[in-house]
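S.K.: Numbering (the UniProt record's numbering), first residue to last: 1 to 544.
(1) Quick one: is residue 170 buried, meaning 16 or more other Cβ sit within 10 Å of its Cβ, or exposed?
(2) Taking only three categories from DSSP, how would you classify residue 499?
(3) Per the DSSP calculation, residue 90 is bridged to which residue(s)?
(4) Do residue 183 and residue 92 come within 8 Å of each other at the CB atom, strictly closer than that value?
(5) Under DSSP, the alpha helix (DSSP H) around residue 290 begins and ends at which residues?
(6) State the DSSP-derived secondary structure class of residue 557, mapped to helix, strand or coil.
(7) Looking at the unbroken beta strand (DSSP E) that takes in residue 279, where does it start and where does it end?
(8) According to DSSP, is residue 112 part of a helix, a strand, or is it coil?
(9) Ordered along the chain, which non-local residues of its own chain (more than five positions away) have a Cβ less than 7 Å from that of residue 332?
(10) Under 8 Å: do the stretch 333 to 349 and the stretch 489 to 505 share three or more Cβ pairs, one atom per stretch?
(11) Kindly list the residues whose CB is nearer than 6 Å to the CB of residue 18, restricted to its own chain and excluding five residues on each side of it in sequence; keep chain order.
(12) For residue 340, collect the residues of the same chain with a Cβ closer than 7 Å to its Cβ; drop the 5 residues on either side in sequence, then sort them by chain order.
(13) Is it buried or exposed, residue 20, if we count other Cβ atoms within 10 angstroms and call 16 or more buried?
(14) Tell me which same chain residues have a C-beta within less than 7 Å of the C-beta of residue 199, skipping the five on either side of it?
(15) Considering residue 317, what are the terminal residues of the beta strand (DSSP E) in which it resides?
(16) Would you kindly work out how many angstroms separate the C-alpha atoms of residue 63 and residue 40, rounded to a whole number?
(17) Run the CB neighbour count on residue 378, radius 10 Å, all protein chains shown included, and call it buried at 16 or more, exposed below.
(18) Which word fits residue 272, buried or exposed, when buried means at least 16 other C-beta atoms lie within 10 angstroms of its C-beta?
(19) Count the other C-beta atoms from every protein chain shown that fall within 10 angstroms of the C-beta of residue 443, then say buried if there are 16 or more, exposed otherwise.
(20) Whose C-beta lies closer than 7 Å to the C-beta of residue 11 among residues of the same chain, with five residues either side of it excluded?
(21) By how many angstroms is the C-alpha of residue 15 removed from the C-alpha of residue 24?
(22) Restricting to Cα atoms, I'd like to know which of 474, 368, 367 and 426 is closest to residue 376.
(23) To the nearest whole angstrom, what separates the beta carbons of residue 507 and residue 242, a pair I think is in contact under 8 Å?
(24) Assuming residue 28 and residue 472 are in contact, meaning their beta carbons sit under 8 Å apart, how far apart are those beta carbons, in whole angstroms?
(25) With distances taken between CB atoms, is the gap from residue 52 to residue 31 smaller than 8 Å?
(26) Using DSSP bridges, identify the partner residues of residue 240.
(27) Give the DSSP-derived three-state secondary structure of residue 369 in the structure shown.
(28) Give the straight-line distance between the Cα atoms of residue 479 and residue 352, rounded to the nearest whole angstrom.
(29) Leaving out five residues before and five after residue 5 in sequence, what residues of the same chain have Cβ atoms less than 6 Å from its Cβ?
(30) Below 8 Å on the Cβ atoms is my guess for residue 213 versus residue 97; work out the distance and round it to an integer in Å.
(31) Should residue 140 be labelled buried (16 or more other beta-carbon atoms within 10 Å of its own) or exposed?
(32) Using the Cα positions of residue 315 and residue 361, report the straight-line distance between them to the nearest angstrom.
(33) State whether the stretch 130 to 147 contacts the stretch 449 to 456, with contact taken as three or more CB pairs (one from each stretch) at a distance under 8 Å.
(34) Using the Cα positions of residue 483 and residue 414, report the straight-line distance between them to the nearest angstrom.
(35) What do you reckon, are the CB atoms on residue 481 and residue 80 nearer than 8 Å?
(36) Where does residue 416 land, buried or exposed, given buried means 16+ other C-beta within 10 angstroms?
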């Protein structure tokens with residue numbers, strides 16, 4: 001197999017494995033310098049997008065004909081994601097978030113009105129806020145302390161952790177099985193960091209009432225349009241194609257064995273060799289889970305790569321998208337009930353109760369988008385659920401339309417059962433099989449404190465080595481925005497200049513580039529005209 005001995009006279013051939021958010025963001029960034037890079041993206045599935053996908057549903061029954069079942073939405077911090085959306089005519093829409101945690105008078109709380117549980121732990125809510133501020137001012141060595149140790153360290157009760165802290169952590173991080181092990185510094189970032197917090201910490205209700213978020217557009221359509229747009233720019237995207245293994249990696253480039261897969265994935269062992277081939281590239285970007293990256297590298301993996309990639313812990317979760325409203329009501333608290341509400345202590349709380357009762361207009365009322373339930377036998381573990389019809393904008397009546405919301409009996413839900421090792425306490429068998437719209441297994445990276453000391457600090461020692469770069473949410477945080485940033489960073493490491501968006505986006509990108517690549521990002525000083533334009537964009541009321 002021959003190699004081009006004059007690589008400086010041709011484009012660099014870049015292979016990206018994985019067409020999820022990271023892989024597509026990397027390809028899109030490299031496509032800006034199409035005169036320098038010849039980009040190929042391999043995706044083993046039949047559509048791009050990774051976990052960001054949509055499901056077709058009965059529009060007449062549910063009020064909309066699609067639902068996002070993976071990535072659903074984000075906060076104002078999702079600057080890079082929204083930029084990619086807008087390039088293809090898609091716009092996230094602002095919605096107001098209502099939350100429901102626990103079940104019954106003694107175990108329930110919400111960000112929508114006062115509850116007995118919140119009033120019982122009022123002193124600890126205030127104390128927890130002070131503890132977060134202490135970590136912000138003295139991050140070393142407190143930042144990495146897991147929440148269960150953090151609560152003990154600051155004298156907070158186990159019930160406060162089980163009932164309030166762990167459920168909200170499970171929801172924010174999308175992890176119901178290891179909330180106790182999440183570093184306390186993550187919550188400091190989310191609630192107390194002046195530049196990166198998503199919401200203000202509320203010393204009375206823990207969370208603000210109806211904070212803003214932005215619901216994503218149809219993610220399958222967006223990713224298909226994104227793929228078409230990249231192909232028009234010269235990027236090769238090959239779906240139903242698997243990277244079997246890396247045969248060779250050295251200073252001369254990459255040799256990879258690939259195979260074309262049947263769309264239904266039924267490839268026999270005999271046809272495996274007939275459909276496989278070897279291909280040559282100059283650079284490799286692995287936008288796949290850490291354990292999959294280790295498998296693909298095989299014998300070419302160095303001892304550092306084996307050690308770091310082998311340290312990424314994963315959980316196999318199952319999501320059930322369904323319309324079983326009876327199950328939803330039995331497990332969670334999706335409606336306002338007088339017995340769940342505490343006596344108001346302020347005028348603001350009186351207004352909150354009035355809104356929750358539906359007495360503040362036709363579109364008022366308690367309609368939680370996200371719910372959790374703590375297992376009685378394992379109170380530190382949580383079952384997560386989403387009411388798509390209360391969050392995703394296609395199900396919601398237009399503001400000012402005068403139309404009432406869709407009744408609960410016609411809602412689309414998703415119940416997420418986290419950690420296959422917890423099957424013994426799952427309630428999945430209580431969901432009516434006839435109401436199930438989709439079952440899907442997902443492979444989720446750990447967000448526990450060990451990930452932040454065992455894996456993330458050492459990525460810089462393998463990124464860029466052996467013509468290989470790693471990207472994906474597992475290298476940063478389990479969010480769509482984080483995945484996009486990792487893909488952009490991979491392209492920047494290959495030589496593309498980072499496109500500055502605003503101070504916040506630049507800081508988040510710089511944080512990742514320094515942590516995962518050991519590189520410092522320095523933004524060019526803009527001229528007067530650029531500064532004026534950037535200021536106007538930053539002050540826009542919508543998502544940046």
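In this text, a Cβ means the ideal position worked out from N, Cα and C, and glycines have one as well.
M.R.: The relevant details are as follows:
(1) For this step, residue 170 is matched to residue 170 along the chain shown. The residue in question, residue 170, is buried, as its Cβ has 16 or more Cβ neighbours within 10 Å.
(2) Position 499 of the chain shown, counted from the start, is the residue given in the question as residue 499. Correct three-state label for residue 499: coil.
(3) By 1-based counting over the chain shown, the position of residue 90 is 90. Residue 90 pairs with nothing; no bridge assigned.
(4) Here residue 92 is taken as the residue at index 92 of the chain shown, counted from 1. Here residue 183 is taken as the residue at index 183 of the chain shown, counted from 1. Cβ distance not < 8 Å, so residue 92 and residue 183 don't count as in contact.
(5) The residue labelled residue 290 in the question sits at position 290 within the chain shown. Run containing residue 290: 290 to 297, per the alpha helix (DSSP H) assignment.
(6) Outside the displayed span of the chain (1 to 544) sits residue 557, for which this structure offers no information.
(7) Here residue 279 is taken as the residue at index 279 of the chain shown, counted from 1. From DSSP, the beta strand (DSSP E) with residue 279 extends over 276 to 281.
(8) As a working note, residue 112 is residue 112 in the chain shown. Three-state result, residue 112: coil.
(9) Mapped onto the chain shown, residue 332 falls at position 332. The beta carbon of residue 332 sits closer than 7 Å to the beta carbons of 100, 103, 371, 373 and 385 from its chain, once the five residues preceding and following it are set aside; these are given in chain order.
(10) No, the stretch 333 to 349 does not touch the stretch 489 to 505.
(11) On the chain shown, position 18 is the one that residue 18 refers to. Taken in chain order, the residues that qualify are 287 and 288.
(12) By one-based count along the chain shown, residue 340 stands at place 340. Only 105, 108, 115 and 333 meet the Cβ criterion.
(13) Numbered from its first residue, the chain shown carries residue 20 at position 20. Residue burial annotation: residue 20 is buried, with at least 16 other C-beta atoms found within 10 angstroms of its C-beta.
(14) In the chain shown, residue 199 corresponds to position 199, counting from 1. Close CB contacts of residue 199 within its chain, under the 7 Å cut and outside five residues either way in sequence, are with 191, 207, 208 and 211 (chain order).
(15) Indexing the chain shown from 1 puts residue 317 at position 317. Counting along the chain, residue 317 sits inside the beta strand (DSSP E) bounded by residues 314 to 322.
(16) Reading the chain shown from its first residue, position 63 is the one you call residue 63. Reading the chain shown from its first residue, position 40 is the one you call residue 40. Cα-Cα distance, rounded: 39 Å.
(17) Residue mapping note: residue 378 aligns to position 378 of the chain shown, counting from 1. When all chains shown are included, residue 378 counts as exposed.
(18) The residue labelled residue 272 in the question sits at position 272 within the chain shown. In this prediction, residue 272 has a pLDDT of 48, which is less than 50 and means its spatial position is unreliable; nothing more can be read from the coordinates.
(19) Counted from its first residue, the chain shown places residue 443 at position 443. Taking all protein chains shown into account, residue 443 has fewer than 16 neighbouring C-beta atoms within 10 Å of its C-beta and is therefore exposed.
(20) Numbered from its first residue, the chain shown carries residue 11 at position 11. Counting only Cβ-Cβ distances below 7 Å, and skipping sequence neighbours, we find 36, 37 and 38.
(21) In the chain shown, counting from the first residue as 1, residue 24 sits at position 24. In the chain shown, counting from the first residue as 1, residue 15 sits at position 15. Going by the C-alpha atoms only, they are around 12 Å apart.
(22) Within the chain shown, residue 376 is the residue found at index 376, counting from 1. Relative to residue 376, the option among 474, 368, 367 and 426 whose CA is nearest is 426.
(23) The residue you call residue 507 lines up with position 507 of the chain shown. The residue you call residue 242 lines up with position 242 of the chain shown. The Cβ separation is near 37 Å, so there is no contact.
(24) Here residue 28 refers to the residue found at position 28 of the chain shown. Here residue 472 refers to the residue found at position 472 of the chain shown. The pair is not a contact, with the Cβ atoms about 15 Å apart (cut-off 8 Å).
(25) Mapped onto the chain shown, residue 52 falls at position 52. Mapped onto the chain shown, residue 31 falls at position 31. For residue 52 and residue 31, no; Cβs fall outside 8 Å.
(26) Position 240 of the chain shown, counted from the first residue, corresponds to residue 240. Paired residues: none, contrary to the question.
(27) The residue given as residue 369 occupies position 369 in the chain shown. The three-state reading of DSSP puts residue 369 in coil, since its state is none of H, G, I, E or B.
(28) Looking up residue 479 in the chain shown gives position 479. Looking up residue 352 in the chain shown gives position 352. About 31 Å.
(29) Counted from its first residue, the chain shown places residue 5 at position 5. Because residue 5 sits at a pLDDT of 39, beneath the cut-off of 50, its placement in the model cannot be relied upon, and the following sentence gives the value as read from the coordinates. The same chain holds no residue with a CB closer than 6 Å to that of residue 5 once the five nearest residues on each side in sequence are set aside.
(30) Locating residue 213 in the chain shown gives position 213, counting from the first residue. Locating residue 97 in the chain shown gives position 97, counting from the first residue. About 5 Å separates the two Cβ atoms, so the contact holds.
(31) Within the chain shown, residue 140 is the residue found at index 140, counting from 1. Label assigned to residue 140: exposed.
(32) Taking the first residue of the chain shown as position 1, residue 315 is located at position 315. Taking the first residue of the chain shown as position 1, residue 361 is located at position 361. If I take the Cα positions, the gap works out to 43 Å.
(33) Yes: the two stretches touch, three or more of their Cβ pairs being nearer than 8 Å.
(34) Counting from 1 along the chain shown, the entry for residue 483 is found at position 483. Counting from 1 along the chain shown, the entry for residue 414 is found at position 414. If I take the Cα positions, the gap works out to 23 Å.
(35) Taking the first residue of the chain shown as 1, we reach residue 481 at position 481. Taking the first residue of the chain shown as 1, we reach residue 80 at position 80. Taking 8 Å as the Cβ cut-off, residue 481 and residue 80 qualify as a contacting pair.
(36) The residue labelled residue 416 in the question sits at position 416 within the chain shown. Flag for residue 416 reads buried.
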